[in-house]
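To start, the structure under review is shown below, and the notes come after it.
Chains as they are written, first to last, in the numbering used here: chain A, 182 to 280; chain B, 26 to 920.
Structure follows, in structure tokens:
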């Protein structure tokens, strides 16, 4: 089971997206564990994460996270802002899993 | 005194009297000095910076007022003529106040309307200014004529009543004399006081003691300065006793004894006041000014003022009945007695010419600035009426080579506007002499006959309501035909086909009009008449019971609110606008109680719209709503057109919100929304692109069709609004007005209105592929935001969030400009969602966890973000925690 973590500035908007992604996962029948947390708290969840998705507003941190976690095998991406804006959980989930 | 000082003084005096530059010749004559010497001195004054001169022939000089000179002014200087024909009265008034120890009781004589009350008020303010009266000293005005039918009550009002003094006097009552203790009691029309009351007053004047009605002893004392006023001749027997007992006698001369230059200043003042009220500049023709200067005005300044107000009301009606134009006052518009003034011109020609000059054809009055003289062939020589403007526009459009279809679209829109604005739906029984005075009895009668015919023929009983609009229209037509100007109706054929029944009635009516007015009507006019009868507004839908929104005006000053309400009620022929005045001497709490009880009685379940000017009055609505539960909304900085429009809307049975919006719409520069508690869901946000061109060019419509052809607007909900404007400022104003209600995504025009928050495209740009791509990008972007807005609306758990995305975006634009930091779309989307979710959490009282500290954020950035988020905090009633501000700052700055 893939573990996906979404981070953004406060964790609010991503948590809304997480709900949408969970709905999509149920619909598609894929087993995933998805959580949303504030950027500052990511460290403690790093071991629980296979795929890390950044909210577009914290996209500037992509380099930092890639540098730190990609060597450990984590996939790090920024969520497409349009999918994010429209809370398109299905598309975000699909994109994440195809990675 | 040195000669140069004499010259300086004379320059100042003559300049104030004439209100324009003064030549050396005039001063030489005035001081009986040699012109060459005066000229020398004047030039010396210019060198010293105490005067300035212009380059005309003869050279005219103006004094430069030093600050010191202004500091010497007192409250009386604001009275026109204080240094002229009223100088004696002013000296006396000051003396009456200053006379030791407590001033002199005063009797002011003067005909109706010369300004006796105003003068007494100035004495009061002078007393406060000089410290003779306490800062908190009361000024109580009372008109003895108000109670002249009931002498008991009259005296009771002034001196107070002892319980049981007469049947019905159930409790002790304090009189005005007691209330005015330490200040001034102003008794207007004092000759109406009965003999007994006079005796009591004289006892007070002589001994300083008085008694309440029903008391036997003169055992009460008060320290009050009495200022009495009367319209009686000083010689009249009625006043005999007064004259013997009251030490100070002040005579205010009637208007006919005042200098013409003073009268001119009064006229200027009144026009400026009216201009402020209607929120428009007022243009007055030279002949109209001459008439106003010279006509016989038996009721003096009061009448001069109301005649000017009546003329302005009429001019304003002409103005709102046109789609564009100005508020113009010419001789035609003046009341009949005023028109006669021009007949006296031959006796006063020289003096009048000196005052208002001959080089200009018009004067222009604005609320807060000096009038600007307008030259003969100025751009402001505006089309006289509706027809003319149509004609001019058609001509211009044809000259531009625009095809007939486009012309029809442009003109059609104009005509539609004309009818919507002009006609409205007026209640019946507007046959009020006041309205007849404005329109003319003959026309009103004719229109009534016309409506009688139309009602039978069209079997429509609801046509009476258009009496007023139709009468105005026929008046304009008559005028035009008499001036032999053409009448053009480009839609004539369509109209005939579309409304055959109405058309045939119009033909019948034409015959009646031709007979009665002795004019010949062209076929095109029949088309216009048809439009009146075909207007849907007049068909059916009679409401069962009027459940109208109440209209209440609250304004500072002793008569401002009532007089505006009166104008609105008179013009609309109803009695719906209510008013409460708040004289500065009255305690706001009293006004509040009065407003509360009035609102209770006005509320028909539809709520009440409050139109207030400023200060505490603006908050009354919220407070009353809280207290009583009656819905209210408040418009601040009210103006006359707002009141007219709101009353008209209320009359039509519109909802409180509609009435409120209509009042705001009428003049968005004056009226500003007061943040209200009850935020109901507003219209869905609509995106617009504005295309613009100069008035009459018609190219904004062409630009619109070009944009429609070349930009894909499908699924975008974007509307294109073509605007025509007379200049950049006008363009800006219109855009700002639209921005109040719509989201302007782009502007395409020849002229850059330089509104930095809205992307602008020149015509050249929009004709290139890059330009079109850029605009398409903006459109797509807006589409995305609209979808984001839908997402948020659907997912956020709080009311009224439709506008949230746009509000946040606007705030971000502001922040981005303040911090000079460009934000990419990605970041904007992220932050919009972030703030949206944050607001939801805050509104639902979710705990916001304190996060790990971000690095120090610059105070400047924090302040900028706070400032731009403030309106959102107010609107959505949340408080954004400091942590969140820091977070936003770091996101914005790090990106």
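Glycine included, every Cβ here is placed at the ideal spot set by N, Cα and C.
- Item | Check whether residue 897 of chain B and residue 836 of chain B have beta carbons under 7 Å apart | yes
- If I'm right that residue 232 of chain A touches residue 185 of chain A with Cβ under 8 Å, what's the distance once you round it to whole angstroms? 5 Å
- Message: Tell me which residue opens and which closes the beta strand (DSSP E) that residue 373 of chain B is part of.
- Response: It is not in any beta strand (DSSP E) - residue 373 of chain B instead sits in the alpha helix (DSSP H) that spans 370 to 381.
- In DSSP terms, what residue 205 of chain A is bridged to: For residue 205 of chain A, which the question treats as bridged, DSSP gives no partner whatsoever.
- Contact list for the stretch 216 to 246 of chain A against chain B, Cβ threshold 9 Å: 219, 220, 221, 222, 236, 237, 238, 239, 240, 241, 242
- Item | Option in B:161, B:857, B:800 with minimal Cα separation from residue 205 of chain B | B:161
- Query: What number of angstroms, rounded off, separates the C-alpha of residue 18 of chain B from the C-alpha of residue 558 of chain B?
  - Reply: This structure cannot speak to residue 18 of chain B, because chain B is shown only from 26 to 920.
- Message: Please report the distance separating the alpha-carbon of residue 268 of chain B from that of residue 274 of chain B.
- Response: When rounded, the distance between both Cα atoms is 8 Å.
- Looking only at its own chain, which residues have a Cβ that is under 8 Å from the Cβ of residue 545 of chain B, when we skip the five neighbours before and after it? Only 506, 539 meet the Cβ criterion.
- Query: So is residue 77 of chain B buried or exposed if we call it buried at 16+ other beta carbons inside 10 Å?
  - Reply: exposed
- Query: How many Å lie between residue 169 of chain B and residue 218 of chain B at the Cα?
  - Reply: 6 Å
- Query: What are the residues of the stretch 265 to 276 of chain A that lie near chain B, defined by any Cβ-Cβ distance shorter than 9 Å?
  - Reply: Within the stretch 265 to 276 of chain A, the qualifying residues are 265, 266, 267, 268, 269.
- Task: Work out the CA separation of residue 147 of chain B and residue 622 of chain B for me, nearest whole Å.
- Result: 33 Å
- How would you list, in chain order, the residues of chain B whose beta-carbon sits under 7 Å from the beta-carbon of residue 263 of chain A? 809
- Message: Out of B:240, B:220, B:248, B:221, which one is the CA nearest neighbour of residue 232 of chain B?
- Response: It is B:248 whose Cα lies nearest to the Cα of residue 232 of chain B.
- Message: Helix, strand or coil, according to DSSP, for residue 34 of chain B in the structure here?
- Response: helix
- How would you label residue 747 of chain B, buried or exposed, when you count the other beta carbons within 10 angstroms and need 16 or more for buried? buried
- Message: Please report the straight-line C-alpha distance between residue 591 of chain B and residue 637 of chain B, rounded to a whole angstrom.
- Response: 16 Å
- Message: Applying the 10 Å Cβ sphere with the 16-neighbour rule, what's the burial state of residue 213 of chain B?
- Response: buried
- Query: How close, in whole Å, do the beta carbons of residue 863 of chain B and residue 193 of chain A come, if the pair is a contact with beta carbons under 8 Å?
  - Reply: With 8 Å as the limit, residue 863 of chain B and residue 193 of chain A qualify as a contact, their Cβ atoms being about 6 Å apart.
- Message: What would DSSP say about residue 581 of chain B, mapped onto helix, strand or coil?
- Response: Strand.
- Bounding residues of the alpha helix (DSSP H) (the contiguous stretch that carries residue 760 of chain B): 753 to 764
- Query: Does DSSP put residue 524 of chain B in a helix, a strand or coil?
  - Reply: coil
- Message: Between which residues of its own chain and residue 332 of chain B is the CB-CB distance below 7 Å, once the five residues before and five after are set aside?
- Response: 360, 363
- Does the Cβ-Cβ distance between residue 582 of chain B and residue 237 of chain A come in under 7 Å? no
- What did DSSP end up calling residue 218 of chain A once you bin it into helix, strand or coil? strand
- Item | Span separating the alpha-carbon of residue 921 of chain B from that of residue 264 of chain A | With chain B covering only 26 through 920, there is no way to say anything about residue 921 of chain B.
- Task: Hey, could you find the ends of the alpha helix (DSSP H) residue 616 of chain B is sitting in?
- Result: 613 to 627
- Message: On the criterion of 16 or more Cβ atoms from any shown chain inside 10 Å, does residue 51 of chain B qualify as buried, or is it exposed?
- Response: Under this definition residue 51 of chain B is a buried residue.
- Message: Tell me which residue opens and which closes the beta strand (DSSP E) that residue 604 of chain B is part of.
- Response: Here the beta strand (DSSP E) through residue 604 of chain B covers 602 to 607.
- The beta strand (DSSP E) with residue 321 of chain B in it runs from where to where? Looking at the DSSP string, residue 321 of chain B is not in any beta strand (DSSP E), and its letter there is neither H nor E.
- For residue 898 of chain B, which beta-bridge partners are listed by DSSP? Beta-bridge pairing links residue 898 of chain B to no other residue.
- Item | Start-end ranges of the alpha helix (DSSP H) lying completely within the stretch 163 to 238 of chain B, minimum 4 residues | Those alpha helix (DSSP H) runs which fall completely within the stretch 163 to 238 of chain B and span 4+ residues are 176 to 184, 201 to 204, 220 to 232.
- Just how far apart, CA to CA, sit residue 665 of chain B and residue 322 of chain B? 26 Å
- Three CB pairs or more closer than 8 Å across the stretch 726 to 733 of chain B and the stretch 665 to 685 of chain B: The stretch 726 to 733 of chain B, when compared against the stretch 665 to 685 of chain B, does not touch it at the 8 Å Cβ threshold.
- Query: For chain A, is any of its Cβ atoms less than 7 Å away from the one on residue 816 of chain B?
  - Reply: yes
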